[in-house]
Each structure stands twice: as structure tokens, then as C-alpha cells.
Amino acid sequence: MKFMKLGTRPDSFYTEAATRTVISNVPGNIVIRIDNVSYLLHKFQLLPKCGLLQHLCPDMGDSNIATIELHDVPGGAEAFELCAKFCYGMTVNISAHNLVLALCAAKFLRMTEAVEKGNLVLKLEAFLHSCILVGWKDSIVTLQNTVKLPDWSENLGIVRKCIDSIVEKILTPHSKVSWSYTYTRPGYTKKNNQSVPKDWWTEDLSDLDIELFRCIILAVRSTYILPPQLIGEALHVYACRWLPDTSKAKLSENKITQSKEDLENSRQILEKIVSMIPSDRGSVSVGFLLRLLNMSNYLAVSSTTKSEIIRRSSLQFEEARVSDLLFPSQSTSSAHFYDVDSVVAVLECLRALWRRQYSGAAENTHFLTYIRKVGKLIDSYLRVVVMDINMPVPKVIQLAEALPDIARPNHDDLYKAINMYLKEHPDISKADKKRLCQILDCQKLSSEVRAHAVKNERLPLRTVVQVLFFDQEKGSKVTSFTPTAKQLISVKKQAAVTSDNHGKLKPELDDGVGVDREVRERKALSESSERDEQSVKSNKIKELKSDSKRMVSKGSRSDHGGEQRQIKR
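Counting from 1, one number per residue, gives the positions in the sequence shown under full-length UniProt numbering.
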């Protein structure tokens with residue numbers, strides 16, 4: 001970092017009786033009050049260089065002590081003291097950290113060439129143009145310090161000059177970057193990487209106030225030189241620097257410890273970051289968008305901002321990984337850990353978006369590939385969130401049903417998620433268990449999964465019978481024989497007889513009407529094949545009736561006698 005040294009005399013300012021003065025054999029004759037600080041100084045040192053003091057105290061030879069109120073001096077007492085030391089010829093070190101204060105105060109005091117040659121304003125402006133604006137980090141630090149005096153800095157052109165210098169350096173081809181910059185990405189070392197990374201500028205830029213950062217990003221975007229992905233990376237780095245990390249824990253539980261000012265500042269930063277995201281698809285990752293969505297729930301951003309994040313996320317949802325979805329819920333009313341509601345909101349937006357763009361979405365190859373990729377993602381996500389002991393059944397159902405039917409060519413992964421939920425939640429009611437299993441389409445299960453399902457004691461009996469029905473129906477297609485209809489009639493009758501004979505409740509075949517209707521339809525389709533396979537049919541029927549009687553008999557004993565149900569096929 002560059003600095004400029006002014007003056008040669010040692011600094012002799014000191015405080016005595018709450019008054020700042022200098023070591024001198026000559027008594028002070030001018031008192032300058034700035035806020036709560038008083039300065040006892042000498043007219044013959046200050047007035048020759050300060051046009052404002054000449055105007056306020058025209059009689060420099062008067063021995064009486066003059067008192068001047070300068071409460072409006074930009075930068076306050078600190079900035080005034082820098083100028084006063086220059087008038088006394090004392091050593092003053094000017095750098096990017098104090099240049100803005102010194103220049104604004106010198107302009108206020110009218111320390112210009114019209115008052116005296118070689119005055120402070122000229123020296124400070126020369127240092128700004130020849131040293132500060134030439135350097136990268138000096139320009140960043142100087143621009144950040146303009147926040148202390150925004151109006152003065154804007155009027156004097158300091159802000160615009162710094163922004164132009166920074167933008168010019170950002171647009172410089174990275175192969176020609178020769179200045180020092182900060183780059184602390186994990187795994188990156190300058191020794192092992194001779195070339196300058198394309199996003200070399202993003203980390204230093206994140207030091208700026210959000211408004212100044214926004215001005216630079218908009219200026220860079222307006223040139224259309226840098227790709228949108230680099231703009232997105234700068235936004236990502238800035239968000240990581242200034243926004244709370246909501247990916248590990250429920251910050252809503254600790255919201256009391258966060259000041260209202262901090263929350264409001266974070267809210268404004270998030271909303272402005274979202275407004276700066278380039279419209280190009282892929283300019284930011286879907287993982288970053290989903291983290292912003294989770295932060296928006298915690299910070300209670302505007303509905304417009306939240307809707308925009310959801311819309312952008314839905315456009316890139318196929319690129320997400322399960323880890324991108326595993327962020328905690330920030331709602332104080334929910335006992336479960338994972339934020340399922342945000343994922344459902346993105347899925348609903350996705351469905352609505354594609355419904356508008358594709359009238360025949362089911363036949364559209366691109367949409368079919370896209371939605372099936374999302375389907376596999378959601379089923380994998382389901383297998384993680386069902387492990388949450390506090391995850392309610394309605395949330396699981398809502399998440400599973402948020403996808404259209406065409407998203408799942410098979411229900412194997414969905415079955416695994418349901419089975420894991422039943423295993424982790426053994427105490428759920430029969431009604432919830434039945435509702436959960438109703439989202440499963442037994443016709444879309446593979447033979448291996450069906451084989452597991454018919455032996456799965458966690459499933460309701462009705463689901464097991466449905467699995468067996470379709471399992472045997474698919475098996476019958478190989479032999480051109482469909483005995484399932486008669487078998488299920490036998491199962492129903494046998495269940496009723498078993499219940500009546502033993503005085504126990506009937507198994508869970510309460511949906512008899514629906515089963516009978518399915519039976520009649522499938523029976524009609526199989527009549528033509530039955531005529532050609534009479535000899536095979538009689539043998540098969542006997543075997544299947546025998547199997548179903550054993551199944552129902554064991555299922556009845558398991559439900560009413562407390563034993564485990566096992567179905568042997």
C-alpha cells in the first residue's frame with residue numbers, strides 16, 4: 001500500500017485540560033471548536049494556508065484569542081487535525097485509509113492554490129491520481145472510506161474516479177494482471193498456480209459496502225465483456241462474506257441474539273444480491289440459489305425477492321445435488337429439521353413454469369428428461385429427510401406428490417423411502433401408514449422390489465395384496481395366463497370366512513368395491529387366453545389358491561394374534 005509523507009517536524013500535538021494544543025514558546029491565540037473537541041492554536045500558522053479561517057478571522061495580528069466554531073468540518077476533529085499538522089509543517093502520513101478525510105477537510109478549509117502555492121489540496125489530488133488510482137487495493141480501500149463522507153466524496157468526484165479505476169482493472173485480461181490481489185480459495189496456492197485466476201478480483205471487491213459493490217457490478221455488467229458466470233461468482237463471494245450461514249443449524253432459534261440492525265442490513269444485502277444476478281441461465285449455481293432461498297426464510301425478505309429466487313431455482317433444479325437441498329428449516333413453528341416447504345415451493349413453480357411453456361409436456365423429450373432427472377433427485381432427497389424422527393407424514397406425502405406422474409418411470413426409490421420412514425417411525429398410526437402407502441403405485445415396482453414388498457411386515461396388508469396382485473399379473477403375461485382375478489376373489493372370500501369362523505376382525509381389505517371392479521376388468525381380458533390354456537389353467541389355479549389361503553391365514557393370525565406376517569410365494 002502506498003503512502004505520502006508531508007512535513008518534516010515531529011508531531012508535537014498533545015492534550016491538556018481537555019484541549020488539544022501544540023508545544024510552543026508562543027501562546028495560542030485562536031480556539032477552534034469541533035464537536036466536543038477544542039483546539040488552542042496559532043493564527044500565524046493556520047491562516048496563511050486556510051482560506052476559510054482567513055474569512056472567519058480576518059485580523060491575523062490581533063493578540064486577542066479568537067474563537068471559531070467549525071462543527072461542520074467533514075471528518076470531524078480527526079480530519080481537521082491532519083490539516084492543522086500540515087500547516088505547522090509536522091510529519092503527516094497520507095494513505096488510502098485517511099486520504100478521503102484529509103482531502104474533504106482541506107477542501108472545506110479552502111487550502112487551495114489560490115490561497116497559497118503548494119497547498120494541501122493540490123498535494124492530495126496529485127497523490128490520488130498518481131498513486132492511489134494506479135493501485136488495485138489502494139483504490140478499493142479509498143472507495144470504501146468514502147462511506148464515511150458520502151456526499152463530500154461524491155461531489156468531489158472521488159467515488160466516480162475510484163469506481164472507474166476498479167472497473168478498468170477488472171476488465172483487464174487476467175493474463176496481464178500484475179498487481180497484488182487477495183485470493184484465498186481452498187486448495188489454491190500461487191506457488192502451484194502460475195496463471196492468474198479469472199475471478200482474481202472477487203475477494204477484494206467483497207470488502208466494499210453493498211451500495212458501492214452494486215455500482216461496480218452494474219458498471220462491469222454494462223460493458224458485456226465478462227461472462228455472466230464471473231459476475232455470479234462475485235455475488236457468491238460477497239454473499240458468503242456478509243450473509244449469515246444457514247446451512248448448518250436453525251438460526252431462527254438464535255434470532256433473539258441478532259440485533260434488528262444486523263438483520264435489516266442482511267436483508268437489504270440479500271435483496272440487492274438477488275437483483276444483481278444476471279438473467280443468463282447458469283450464471284449462478286442452483287446450490288447458491290437454494291442457499292439464498294433458505295436465508296430469505298430466516299431474514300423474512302420481500303415476497304418479490306423470494307418468488308424470484310424460487311423461479312430461478314426451478315429453472316436449474318435438475319443440476320442440484322441432494323446436498324444442495326439439505327438445509328434446515330428456519331421456521332420456529334416446525335419441529336422437523338429439514339426445510340421441505342422450500343423444496344416443495346420450487347417443485348410447484350417448476351410444474352407451473354413448464355405447463356405454461358409446453359402444452360404437450362408429457363410428449364416433450366427435453367421436458368421428460370428434465371423432469372425424470374428431478375424425480376430421481378427428489379426420491380434420493382426423500383430417503384434422507386425421512387430419517388428425521390420429527391418429520392410428519394403429511395410433509396413426506398406433499399413432497400412425494402409435488403412431482404407429476406411422468407417424473408417417476410418406476411417407484412422403486414419411492415418404495416425405499418417409504419420403507420425407511422416406516423422403519424424410523426414405528427409408532428405411526430394405521431391411518432397415517434395407509435395414507436403414506438397410497439402414494440405408491442404397485443404397478444411401477446420392479447420384480448426385486450415386489451419380492452421384498454410381499455414379505456415386508458411394515459406395510460399395510462392392503463398394500464401387500466396389491467403388490468401380490470400386480471406381481472402375479474406380470475408373471476402371468478409370460479405364460480399368457482391371468483389367474484390373479486380369481487385368486488383375489490378367493491382371498492377376499494377366505495378372509496371373510498376366516499374372520500367369521502374365528503370371531504375376529506376382518507383384514508384391511510376395506511376397499512372391496514375398487515378391487516371387485518379391477519377384478520372384473522382383468523377377468524374379461526383374460527378369458528380368451530384361458531380357453532387356449534385349460535390344462536395349464538387348472539393346475540395354476542390350484543397352486544395359487546393354495547398360496548393365497550396360506551397368505552390370508554397367516555396375515556389373519558399376524559393381525560389378530562400378534563405374530564409377524566410372512567407371505568411365502
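Quick reminder that beta carbons are idealized off the backbone N, C-alpha and C, glycines included. Here the structure is a predicted model, which means the values were calculated and not measured.
A check of alpha carbon separations from Ile273 across Leu292, Val396, Val286 identifies Leu292 as the nearest. For Met276, the enclosing alpha helix (DSSP H) begins and ends at 260-276. Contact annotation: the segment 310-324 does not touch the segment 260-271, with fewer than three C-beta pairs closer than 8 Å. If you ignore the 5 residues before and after Ser446, its C-beta comes within less than 8 Å of the C-beta of Asn410, Asp412, all in its own chain and listed in chain order. In summary, Pro328 is buried, with 16 or more beta-carbon neighbours lying within 10 Å of its beta-carbon over all protein chains present. As a beta-bridge residue in DSSP terms, Pro328 pairs with Tyr338. One alpha carbon belongs to Met111, the other to Leu122, and they sit about 9 Å apart.
Pro74 sits buried, since 16 or more C-beta atoms from the chains shown fall within 10 Å of its C-beta. Between the C-alpha atoms of Ile158 and Arg383 there is a straight-line separation of about 56 Å. Within the DSSP secondary-structure output, Ser38 pairs in a beta bridge with Thr19, Arg33. Annotation: the continuous alpha helix (DSSP H) that includes Thr305 extends over 303-315. The straight-line gap separating the alpha-carbon atoms of Ser266 and Gln472 is approximately 60 Å.
Taking the Cα positions, Ala126 is about 20 Å away from Leu149. Phe108 and Leu156 have their C-alpha atoms some 11 Å from each other. A residue is called buried when at least 16 other Cβ atoms come within 10 angstroms of its Cβ; Ser178 does not meet this threshold and is exposed.
With the rule of 3 Cβ pairs closer than 8 Å, the segment 97-108 does not count as touching the segment 28-44.
A residue is called buried once 16 or more other Cβ atoms fall within 10 Å of its Cβ, and Leu171, having fewer, is exposed. According to DSSP, residue pairing for Leu6 in a beta bridge involves Val92.
Between Ser283 and Ile231, the C-beta spacing is below 8 Å. Secondary-structure assignment with DSSP links Glu69 through a beta bridge to Arg33.
According to the DSSP assignment, Val284 belongs to no alpha helix (DSSP H), since it is labelled neither H nor E. DSSP, read as helix, strand or coil, puts Tyr188 in coil. In this structure, the beta-carbon distance from Ala400 to Ile371 does not fall below 8 Å. DSSP, read as helix, strand or coil, puts Tyr14 in strand. Taking Lys198 as the centre and dropping the five residues before and after it, the same chain places the C-beta of His174, Leu230 closer than 7 Å to its C-beta, in chain order. Of the residues assessed, Ala18 falls on the exposed side of the cut-off, its CB having fewer than 16 other CB atoms within 10 angstroms. Around Val92, the same chain offers Leu6, Gly7, Leu82, Lys85, Phe86 as residues with beta carbons nearer than 7 Å, after the five sequence neighbours per side are excluded.
Arg458 carries a coil assignment under DSSP once its states are collapsed to helix, strand and coil. When Tyr298, Ile269, Val196 are compared, the shortest CA-CA separation from Thr246 is found for Tyr298. Under the three-state reduction of DSSP output, Cys87 falls in the helix class. The segment 132-150 makes contact with the segment 203-210: 3 or more CB pairs, one atom from each, lie closer than 8 Å. Per the coordinates, the alpha-carbon of Val374 lies some 16 Å from the alpha-carbon of Ser285.
For Ala431 and Met391, the gap between their C-alpha atoms comes out near 16 Å. In the structure shown, Asp379 falls within a helical segment according to DSSP collapsed to helix, strand and coil. Rounded to whole angstroms, the separation of the alpha carbons of Pro404 and Arg356 is 15 Å.
In the three-state DSSP reduction, Ser139 falls in the helix class (H, G or I).
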